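Okay, structure first, notes after.
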Amino acid sequence: MASSRSRRLATLLFSISHGSGRTARTGGALLSRRRMISSASSSAAAAVVADDELGGVLKEYVDYRRSLYGEFTHKALLVDAVGTLLVPAQPTAQIYKNIGEKYGVVYSEAEILTRYRRAYQKPWGQSHLRYVNDARPFWQYIVSASTGCSNSQYFEELYDYFTTEQAWKLCDPEAEKVFKAIKEAGVKVAIVSNFDTRLRPLLRALRCEDWFDAVAVSAEVEAEKPNPTIFLKACELLGVNPEDAVHVGDDRRNDLWGARDAGCDAWLWGSEVTSFKQVAQRIGVKV
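If you're matching positions, the sequence shown starts at 5 in the numbering used here and goes up one per residue.
Shown next as structure tokens:
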């Protein structure tokens, strides 16, 4: 099947790029323009065929899952928090700078962002986990490294701010309607997040805690994605087997690879799926 699809694609691209048999023009500029158009047409055709092929593969996969599990392709949905369910309402570097100005922070937002990324990507030396309990030591290190300010009052103001609903917004404005439909359909839902113990009060502040049947947060599970342990814990809390669950998250390493290592299915937020309505439809839930 794959070879026949490849031959169809090659034939289609050949016919597009070589025209329909009309007399060739010999003017240099016109020939060059025709080549550019042919190249663009080939790329467009390849994209269309690739989309069609992908759509066919996805349909085959969905049909396969439903042949095994019935109406719904999965019994449980696992969802990443930051970057998938919610994001900061304002850029983190902007908040660090705005709050930090009264404490003597002079770095620009660009400098803070660069320093933040550098600090966040470094191994955390005090523990094999970054988020232990309330993760204050880790975040104190991040704030100080990002801004050059170690003022404890500054840190506490920042730390408290990111526990409030003002600091965050939902990625998908239709999330509430979709998650209610998913739960009403009998599909169980859990958060799986690398986060500290502020996640639960944050979900309450955002009035979305009731959307989920369980929360597996790394600070409580004592395992951070991509460690399969946190995904297995979420499945245990929901009472499902890993192969019955699909995880949705925005990080290829932490979310896709981690979930698949645990035996779960996984979809990448932002490319494979771009809304929770699309997630629900893939599972088989009507919204």
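Glycine included, every Cβ here is placed at the ideal spot set by N, Cα and C. Being a predicted model, the structure only gives us computed values, none of them experimental.
Which same chain residues end up closer than 6 Å to residue i when comparing Cβ atoms and leaving out the 5 residues on each side of it in sequence?
{"i": "GLU113", "result": "ALA97, GLN98, LYS101"}
{"i": "CYS292", "result": "Outside the displayed range of the chain (5 to 291) lies residue 292, so it cannot be described from this structure."}
{"i": "TRP271", "result": "VAL252, VAL277"}
{"i": "GLY288", "result": "GLU75, PHE76, THR77"}
{"i": "GLY87", "result": "ASP254"}
{"i": "VAL225", "result": "ILE234, LYS237"}
{"i": "TYR107", "result": "CYS153, ASN155, TYR158"}
{"i": "GLU169", "result": "ALA209, LEU210"}
{"i": "LYS200", "result": "The identity of residue 200 in the sequence shown is Asp, whereas the question assumes Lys. Around ASP200: TYR135, ASP138, ALA139, ALA223."}
Quick one, which of the options has its alpha-carbon nearest residue i's?
{"i": "GLU160", "options": "ARG140, TRP172, GLN170, GLU169", "result": "ARG140"}
{"i": "LYS79", "options": "GLY87, ARG70, ASP138", "result": "ARG70"}
{"i": "ALA292", "options": "SER154, LEU82, GLY152, TYR165", "result": "Not covered by the structure: residue 292. The range shown for the chain is 5 to 291."}
{"i": "GLY104", "options": "ASN155, GLU64, LYS290", "result": "ASN155"}
{"i": "ASN231", "options": "HIS132, TYR107, PHE166, GLY108", "result": "HIS132"}
{"i": "GLN282", "options": "VAL109, PRO205, GLU178", "result": "GLU178"}
{"i": "TYR165", "options": "LYS187, ILE116, LEU206", "result": "LEU206"}
{"i": "THR167", "options": "GLU64, ILE186, TRP261, ARG204", "result": "ARG204"}
{"i": "ILE116", "options": "VAL136, PRO95, LYS106", "result": "PRO95"}
Among residues of its own chain, excluding the 5 on either side of residue i, which ones have a beta-carbon nearer than 7 Å to its beta-carbon?
{"i": "TRP143", "result": "TYR163"}
{"i": "ASP217", "result": "LYS192, VAL193, ALA194, LEU242"}
{"i": "ARG256", "result": "LEU272"}
Give me the Cα-Cα distance between residue i and residue j, rounded to the nearest whole angstrom.
{"i": "ALA189", "j": "VAL182", "result": "11 Å"}
{"i": "SER45", "j": "GLU180", "result": "Confidence in SER45 is poor, its pLDDT being 43 and thus under 50, which makes the residue's placement unreliable; the coordinate value appears in the next sentence. Their Cα atoms are separated by approximately 42 Å."}
{"i": "PHE76", "j": "ARG264", "result": "19 Å"}
{"i": "THR118", "j": "VAL147", "result": "12 Å"}
{"i": "LYS126", "j": "ALA171", "result": "25 Å"}
{"i": "SER275", "j": "VAL196", "result": "19 Å"}
{"i": "GLY129", "j": "ALA227", "result": "16 Å"}
{"i": "VAL284", "j": "ARG134", "result": "Per the sequence shown, the amino acid found at residue 284 is Ala instead of Val. Using only the alpha carbons, I get a separation of about 32 Å."}
{"i": "GLY152", "j": "ARG211", "result": "35 Å"}
{"i": "LEU260", "j": "VAL219", "result": "18 Å"}
{"i": "GLU240", "j": "ALA266", "result": "12 Å"}
{"i": "TYR145", "j": "LYS63", "result": "47 Å"}
{"i": "TYR68", "j": "GLY262", "result": "23 Å"}
Find out if the Cβ-Cβ distance for the pair residue i, residue j is shorter than 8 Å.
{"i": "LYS184", "j": "LEU90", "result": "no"}
{"i": "ASP176", "j": "PHE280", "result": "yes"}
{"i": "ASP138", "j": "ARG202", "result": "yes"}
{"i": "ALA149", "j": "ALA123", "result": "yes"}
{"i": "ASN258", "j": "LYS290", "result": "no"}
{"i": "ARG286", "j": "VAL136", "result": "no"}
Buried or exposed: where does residue i fall if 16 or more other Cβ atoms within 10 Å of its Cβ makes it buried?
{"i": "SER222", "result": "buried"}
{"i": "ASN198", "result": "buried"}
{"i": "ALA93", "result": "exposed"}
{"i": "TYR158", "result": "buried"}
{"i": "VAL110", "result": "exposed"}
{"i": "VAL72", "result": "Contrary to the premise, residue 72 reads as Leu rather than Val in this sequence. So LEU72 ends up on the exposed side."}
{"i": "ARG121", "result": "exposed"}
Note down, in chain order, each residue of its chain lying with its Cβ closer than 8 Å to the Cβ of residue i, except the 5 sequence neighbours on either side.
{"i": "VAL244", "result": "LYS79, ALA80, LYS192"}
{"i": "LYS187", "result": "VAL193, TRP215, ASP217"}
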